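Just so you know, we're using the numbering used here here: the sequence shown kicks off at 256 and counts up by one.
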Amino acid sequence: MARKAKTTSKRKAASKSRASTKSKSYKTKTAGSRVKAPSKAAPVYREDVGSCAVPEAPLRAIDANVDPFRLSLIRSIEKKWVNGTVLNYFFFKRPTRWKGSKAQEDAVRAAFAEWKGLGIGLEFQETDDPQEAEIRIGFERGAGAWSYVGRDAIDHASDPNERTMNFGWDVTTPYGRDTALHEIGHACGYPHEHQNPNAGIVWNEQAVINYFSGPPNNWSEGQIRHNILRKIDPALVEGSSWDKDSIMHYQFSAGLITQPEQFQTQNLIPAPGLSKVDIDRVRKFYPPINRMPELKPYQSQRLRIGAGDQVNYVVEPTRSRKYTIQTFGRMDTVMVLFEEINGTPRYLEGDDDSGSSLNANVRQRLFKGRRYIVRVRLYHAQQQGEGVLMMW
Ligand SMILES: [Zn+2]
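As structure tokens, then:
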């Protein structure tokens, strides 16, 4: 396959390449009040607290000739990070209405630790530099709980002065701790479970609109459709069935759901905390990374992986110079290059060729004596095993 030239249809991915990310307007997320919803604090319905409203993010454009199977694989992965990414998070101190107390910040730190404690390959690291942070957190009361979904945070909120996540109420309560887990679930790339098209939920649409347009949410109909009534793309669902205990599921009061019938008369209240399905699926997509073979110049590496899988290579240059690292073959991949500094991989460059006829390619000056990591996640391959990764 011909070498690609960078084009505007390709995006820098899983990265903080701010120069190449457009800062998109999501004005909806500052309008109105919204609060996170469904927590699973206690088996009690919290009508005093609202629900989480994720900001709308336009879908990335994909070549029109991409077939539906390939497209569904792309859509299922494109918002997620390459495994092994260190997500740096930052707590705003200013403006003061965004600042949280130490207790509030600690509750969010604990929620990051709980996700990490599952043994996943993603890392979370606090930073005091908003420029370094993929996740920038405010605690503005009355402004709802919300977060961008996965890589939307870098594609649509590239301004370091902008929040990518907000907590609109106390997160030190059991309910609030679930709120923190839920928003971090979004940051890892997970959508709302009650929008799972396999759930079989039939809404009483008018009742839902009436409920969420009133306090404490006060949402527009657009927000209600985006966060509740809209079925998400089947491609975004990992696993086939509905997990009503997922941390990504809201609470719903009786009467908002017509089917399954039982929720016409009883509240739907997810069990507290992360569900078994939540835990299994994050461990599957972001498994621990143990072994990293070395990628050496001019030695091609065959990519024998399936859709959604990832390979990781160490690069330890013996000469300082510019290197090109590229995939070959008819594949959709996202490739991200990191430099390991004090044991922590720091992002250098990322490239996502999915949905185009081009190949992922990064070109960087690498230095002798330093250590780098290349991560390649496969969306789709025309034929498994035909792809190759090479550095020169
Ligand atoms: Zn949410």
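Glycine is no exception: its CB is placed at the ideal position from the N, C-alpha and C atoms. Bear in mind that the values here come from a model prediction, so they are computed numbers and not experimental data.
(request) Using the Cα positions of D500 and D433, report the straight-line distance between them to the nearest angstrom. (result) Taking the sequence shown and counting its residues from 1, one reaches residue 500 at position 245. Taking the sequence shown and counting its residues from 1, one reaches residue 433 at position 178. About 12 Å.
(request) Check whether the Cβ atoms of L491 and P525 lie closer than 7 Å to each other. (result) Indexing the sequence shown from 1 puts residue 491 at position 236. Indexing the sequence shown from 1 puts residue 525 at position 270. No, Cβ-Cβ distance for L491 and P525 is not below 7 Å.
(request) Under the assumption that D606 contacts M590 (Cβ atoms under 8 Å), give the Cβ distance between them as a whole number of angstroms. (result) The residue given as residue 606 occupies position 351 in the sequence shown. The residue given as residue 590 occupies position 335 in the sequence shown. Sure, about 5 Å apart at Cβ, within 8 Å.
(message) Which residue wins for smallest C-alpha separation from P471, given the options H635, L484, R396?
(response) Taking the first residue of the sequence shown as position 1, residue 471 is located at position 216. With distances taken between Cα atoms, P471 lies closest to R396.
(message) Going by beta-carbon coordinates alone, are M586 and A509 separated by less than 7 Å?
(response) On the sequence shown, position 331 is the one that residue 586 refers to. On the sequence shown, position 254 is the one that residue 509 refers to. Cβ atoms of M586 and A509: not closer than 7 Å.
(request) Using 10 angstroms around the beta-carbon of D361, count the other beta-carbons present and answer buried if the total reaches 16, otherwise exposed. (result) Taking the sequence shown and counting its residues from 1, one reaches residue 361 at position 106. It is exposed - the Cβ of D361 has fewer than 16 other Cβ atoms within 10 Å.
(request) Take I456 as the anchor and find which of T573, W497, G440, Q521 has the nearest alpha-carbon. (result) On the sequence shown, residue 456 is found 201 positions in, with the first residue counted as 1. Selected option, being the one with the closest Cα: W497.
(message) Quick check on F622: does DSSP put it in helix, strand or coil?
(response) Translated into positions along the sequence shown, residue 622 becomes position 367. The three-state reading of DSSP puts F622 in coil, since its state is none of H, G, I, E or B.
(request) With DSSP as the reference, label L342 as helix, strand or coil. (result) Locating residue 342 in the sequence shown gives position 87, counting from the first residue. Of the three classes helix, strand and coil, the one that applies to L342 here is strand, per DSSP.
(request) Give the DSSP-derived three-state secondary structure of P677 in the structure shown. (result) Absent from the model: residue 677. The displayed extent of the chain is 256 to 647, so no value can be given.
(message) Can you give me the C-alpha to C-alpha distance between R618 and H481, rounded to a whole angstrom?
(response) By 1-based counting over the sequence shown, the position of residue 618 is 363. By 1-based counting over the sequence shown, the position of residue 481 is 226. Cα to Cα, R618 sits roughly 39 Å from H481.
(request) Give the DSSP-derived three-state secondary structure of H447 in the structure shown. (result) What you label residue 447 is simply residue 192 of the sequence shown in a count that begins at 1. It is coil, neither helix nor strand.
(message) With H, G and I counted as helix, E and B as strand and the rest as coil, what does DSSP make of T263?
(response) The residue you call residue 263 lines up with position 8 of the sequence shown. Reliability fails at T263, whose pLDDT of 34 lies under 50, so the model's placement of it is uncertain and the value that follows must be treated cautiously. The answer is coil: DSSP assigns T263 none of H, G, I, E or B.
(message) DSSP three-state label for Y300, please.
(response) Start at 1 with the first residue of the sequence shown, and residue 300 comes out as number 45. In this structure, Y300 counts as coil in the three-state DSSP scheme.
(request) Check Y403 in the structure and name its three-state DSSP category. (result) As a position in the sequence shown, residue 403 is number 148, starting the count at 1. Looking at Y403 - three-state DSSP - the assignment turns out to be coil, as it is neither helix nor strand.
(request) Whole angstroms is fine: what's the gap from S294's alpha carbon to T573's? (result) For the purposes of this step, residue 294 is taken as residue 39 along the sequence shown, with counting starting at 1. For the purposes of this step, residue 573 is taken as residue 318 along the sequence shown, with counting starting at 1. Because the pLDDT at S294 is just 44, under 50, the model does not fix this residue reliably, and the value given afterwards should be weighed accordingly. Rounded to the nearest angstrom, the two C-alpha atoms are 52 Å apart.
(request) Might you give, ordered along the chain, the residues of its own chain that have their beta carbon closer than 7 Å to the beta carbon of L484, omitting 5 neighbours on each side? (result) Here residue 484 refers to the residue found at position 229 of the sequence shown. Correct list, in chain order: W458, E460, V463.
(request) Flag C443 as yes when its Cβ comes closer than 6 Å to any non-hydrogen atom of ligand 1, and as no otherwise. (result) Counted from its first residue, the sequence shown places residue 443 at position 188. No, ligand 1 has no heavy atom inside 6 Å of this Cβ.
(request) Could you tell me whether the segment 324-334 touches the segment 418-433, where touching means 3 or more Cβ pairs closer than 8 Å? (result) no
(message) Using 8 Å for Cβ pairs, my map puts D414 next to A312. What's the rounded Cβ distance?
(response) Locating residue 414 in the sequence shown gives position 159, where the first residue counts as 1. Locating residue 312 in the sequence shown gives position 57, where the first residue counts as 1. No, D414 and A312 are not in contact; Cβ-Cβ is about 15 Å, not under 8 Å.
(request) Note down the Cα distance separating V290 from D533, rounded to an integer number of angstroms. (result) Position 35 of the sequence shown, counted from the start, is the residue given in the question as residue 290. Position 278 of the sequence shown, counted from the start, is the residue given in the question as residue 533. Unreliable positioning characterises V290 in this predicted model, as indicated by a pLDDT of 39, which lies under 50. The coordinate reading is nonetheless provided below. Whole-angstrom Cα-Cα distance: 22 Å.
(message) Let's test the definition: count the other Cβ atoms within 10 Å of the Cβ of Y368 and tell me whether it reaches 16, buried, or not, exposed.
(response) If you number the sequence shown from 1, residue 368 lands on position 113. The question names Tyr, but residue 368 is Ala in the sequence shown. Exposed.
(request) Measuring alpha carbon to alpha carbon, tell me which of P350, W370, K371, F346 ends up nearest Q359. (result) As a working note, residue 359 is residue 104 in the sequence shown. Looking at the Cα atoms, F346 is the closest of the given residues.
(message) Check this for me: beta carbons of G339 and I544, under 7 Å apart or not?
(response) Sequence index remark: in the sequence shown, residue 339 carries index 84 (1-based). Sequence index remark: in the sequence shown, residue 544 carries index 289 (1-based). Going by C-beta atoms, G339 is nearer than 7 Å to I544.
(message) Are there any heavy atoms of ligand 2 lying less than 6 Å away from the beta-carbon of E360, as far as the coordinates show?
(response) Absence of ligand 2 is noted for the structure shown, with ligand 1 being the only ligands found.
(message) In this structure, how does DSSP classify F540 when only helix, strand and coil are distinguished?
(response) In the sequence shown, residue 540 corresponds to position 285, counting from 1. Reduced to three states, the DSSP call for F540 is helix.
(request) Say whether the segment 591-598 touches the segment 628-635, bearing in mind that this needs 3 or more beta-carbon pairs closer than 8 Å, one atom from each stretch. (result) yes
(request) Given a cut-off of 7 Å, decide if E381 and Y344 are closer than it, judged by their beta-carbon atoms. (result) Along the sequence shown, read from residue 1 onward, the residue named residue 344 stands at position 89. Along the sequence shown, read from residue 1 onward, the residue named residue 381 stands at position 126. For Y344 and E381, yes; Cβs fall inside 7 Å.
(request) Give the single residue among M503, T419, R576 whose Cα lies nearest to the Cα of L436. (result) In the sequence shown, counting from the first residue as 1, residue 436 sits at position 181. Closest option to L436, Cα to Cα, is M503.
(request) Could you spell out where the alpha helix (DSSP H) holding H441 opens and where it closes? (result) As a position in the sequence shown, residue 441 is number 186, starting the count at 1. Its alpha helix (DSSP H) spans residues 429-442.
(request) Return the chain-ordered ranges of every beta strand (DSSP E) run that is complete within the segment 456-541 and spans a minimum of 3 residues. (result) 512-514
(request) Determine the closest residue to F583 out of R601, D608, V569, with distance taken between C-alpha atoms. (result) Taking the sequence shown and counting its residues from 1, one reaches residue 583 at position 328. Minimum Cα distance to F583 is reached at D608.
(request) Indicate the three-state DSSP secondary structure (helix, strand or coil) for E360 in the structure shown. (result) As a working note, residue 360 is residue 105 in the sequence shown. Helix.
(request) Using the Cα positions of S555 and L603, report the straight-line distance between them to the nearest angstrom. (result) What you label residue 555 is simply residue 300 of the sequence shown in a count that begins at 1. What you label residue 603 is simply residue 348 of the sequence shown in a count that begins at 1. Cα to Cα, the separation comes out at about 22 Å.
(message) If I measure Cβ to Cβ from I479 and keep anything under 6 Å in the same chain, skipping five residues before and after, which residues do I get?
(response) To locate residue 479, count along the sequence shown from 1; it is residue 224. Same-chain partners within the cutoff: I464, F467.
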